[in-house]
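Engineer: After the structure tokens below, expect a handful of questions from me.
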Amino acid sequence: MNRSLRAVLLVLCGLGLLRISLFTDLCLRYVKESMRPMLIASGVVLVLLGAAGALLDRRAGAGRGPDGDGSDHGHDHSGLPRVAWLLLLPALSLLFYAPPALGAYTASRQPAKPVAERSDFGPLPATSPLPMTLSDFTSRVQQDRARAINGRTVLMTGIVTPREGGWDLTRIIINCCAADAQSVKVRIYGGTVPPADTWVTVTGTWHPGGALGTASAPVALDVRTVEKVPRPVNGYQDALPLPSTPTR
70 MNRSLRAVLL
80 VLCGLGLLRI
90 SLFTDLCLRY
100 VKESMRPMLI
110 ASGVVLVLLG
120 AAGALLDRRA
130 GAGRGPDGDG
140 SDHGHDHSGL
150 PRVAWLLLLP
160 ALSLLFYAPP
170 ALGAYTASRQ
180 PAKPVAERSD
190 FGPLPATSPL
200 PMTLSDFTSR
210 VQQDRARAIN
220 GRTVLMTGIV
230 TPREGGWDLT
240 RIIINCCAAD
250 AQSVKVRIYG
260 GTVPPADTWV
270 TVTGTWHPGG
280 ALGTASAPVA
290 LDVRTVEKVP
300 RPVNGYQDAL
310 PLPSTPTR
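Just so you know, we're using my numbering here: the sequence shown kicks off at 70 and counts up by one.
Written as structure tokens, this is what we have:
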């Protein structure tokens with residue numbers, strides 16, 4: 070791989086990063102929103118490095134004689150190992166085919182992420198249905214000895230993750246990027262199983278079992294309504310449902 074091809078490869082990688090981070094929101098499939106500025110900066114740097122490399126190579130070529138002789142007696146020692154061509158694959162992927170976002174396939178192969186231990190729970194708002202995150206619901210079900218969640222109608226948003234005999238409402242959480250993704254899950258009882266990876270908002274009440282407020286209580290919901298919703302911008306956080314107009 071000569072200098073010109075190396076420069077082209079750098080430019081392609083840079084353009085790929087800019088495409089998914091500056092011109093679209095595709096980068097949010099793989100990293101948190103806070104990482105976007107760094108991806109944009111990296112893309113700009115790669116494009117500039119590639120352009121500078123191409124310019125230097127052009128000037129170097131202009132300084133050679135008709136027979137290609139230069140200080141290296143006509144031999145080019147600037148080549149890279151053939152394995153460097155493999156870098157072309159992710160560059161083209163970023164430009165023409167971005168891998169899909171993490172979803173039900175990933176979540177179904179992970180155990181539920183443990184929630185932090187809590188001993189102090191404040192009173193729940195009187196709102197009904199009560200918007201909750203999946204982690205808060207889990208904590209209330211298994212750790213709140215006051216059993217404030219009992220009989221309350223809650224509202225949560227997540228993706229559909231099919232499982233044997235039913236489905237889970239899931240939120241995939243990333244701390245930095247897709248490589249460290251973990252899942253929070255609530256088992257759903259009742260209704261029909263929506264298609265995998267569908268974003269839905271559900272309402273329902275805790276599904277009884279075990280002793281509420283202890284680890285024996287199932288993190289599960291008897292569903293009342295299921296509404297299909299667009300993927301929220303905070304899709305990789307265990308966040309409260311965003312106000313939106315449901316789509317059926």
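All C-beta atoms, glycine included, are put in the ideal place defined by N, C-alpha and C. Remember, predicted model here, so these are calculated numbers, not experimental data.
Alpha carbon to alpha carbon, what distance is there between Arg-98 and Leu-86?
Structural biologist: 13 Å
Engineer: Tell me whether Leu-309 sits in a helix, a strand or coil according to DSSP, three-state version.
Structural biologist: coil
Engineer: Return the bridge partner residues of Glu-296 from the DSSP annotation.
Structural biologist: Thr-270
Engineer: Do you know whose CA, among Val-253, Gly-235, Gly-279, Ala-280, lies nearest Gly-260's CA?
Structural biologist: Gly-235
Engineer: Tell me where the alpha helix (DSSP H) around Pro-159 begins and ends.
Structural biologist: 157–165
Engineer: When you compare each of Ala-185, Tyr-174, Pro-183, Asp-213 to Leu-193 by their alpha carbons, which one comes out closest?
Structural biologist: Asp-213
Engineer: At what residues does the alpha helix (DSSP H) containing Ser-204 begin and finish?
Structural biologist: 203–212
Engineer: Just the C-alpha distance for Leu-171 and Ala-247, rounded to the nearest angstrom, thanks.
Structural biologist: 7 Å
Engineer: Go to Tyr-258, then tell me how far its beta strand (DSSP E) extends in each direction, as first and last residue.
Structural biologist: Counting along the chain, the beta strand (DSSP E) containing Tyr-258 begins and ends at 251–258.
Engineer: Would you kindly check if the distance between the Cβ of Thr-202 and the Cβ of Ala-250 is under 8 Å?
Structural biologist: no
Engineer: Given that a residue counts as buried once 16 or more other Cβ atoms are within 10 Å of its Cβ, and exposed if not, what is Cys-96?
Structural biologist: buried
Engineer: Please classify Ile-218: does DSSP put it in a helix, a strand, or coil?
Structural biologist: coil
Engineer: Select from Leu-81, Arg-293, Ser-188 the residue whose C-alpha is nearest the C-alpha of Met-225.
Structural biologist: Arg-293
Engineer: Residues bridged to Ala-289 by DSSP?
Structural biologist: Arg-256
Engineer: Out of Gly-282, Ala-120, Asn-219, Asn-244, point me to the one whose CA is closest to Leu-81's CA.
Structural biologist: Ala-120
Engineer: Give me whichever residues DSSP pairs with Pro-231 in a beta bridge.
Structural biologist: Trp-236
Engineer: Might you give, ordered along the chain, the residues of its own chain that have their beta carbon closer than 8 Å to the beta carbon of Thr-222, omitting 5 neighbours on each side?
Structural biologist: Ser-197, Pro-198, Leu-199, Thr-272, Gly-273, Thr-274, Arg-293
Engineer: What is the residue span of the alpha helix (DSSP H) that Tyr-174 lies within?
Structural biologist: If you look at Tyr-174, you'll find it in the alpha helix (DSSP H) that goes 173–176.
Engineer: What is the rounded straight-line gap between the Cα of Pro-159 and the Cα of Arg-216?
Structural biologist: 50 Å
Engineer: If distances are taken between C-alpha atoms only, which option among Pro-277, Leu-84, Pro-263, Val-302 comes closest to Ala-173?
Structural biologist: It is Pro-263.
Engineer: If distances are taken between C-alpha atoms only, which option among Thr-283, Ala-76, Thr-230 comes closest to Thr-267?
Structural biologist: Taking only the C-alpha atoms, the option nearest Thr-267 is Thr-230.
Engineer: Assuming Arg-256 contacts Asp-237 (C-beta within less than 8 Å), just tell me the rounded distance between them.
Structural biologist: 6 Å
Engineer: Can you tell me whether DSSP reads Ile-243 as helix, strand or coil?
Structural biologist: coil
Engineer: From the DSSP output, which residues share a beta bridge with Pro-200?
Structural biologist: Leu-224
Engineer: Please state the DSSP three-state secondary structure of Val-116.
Structural biologist: helix
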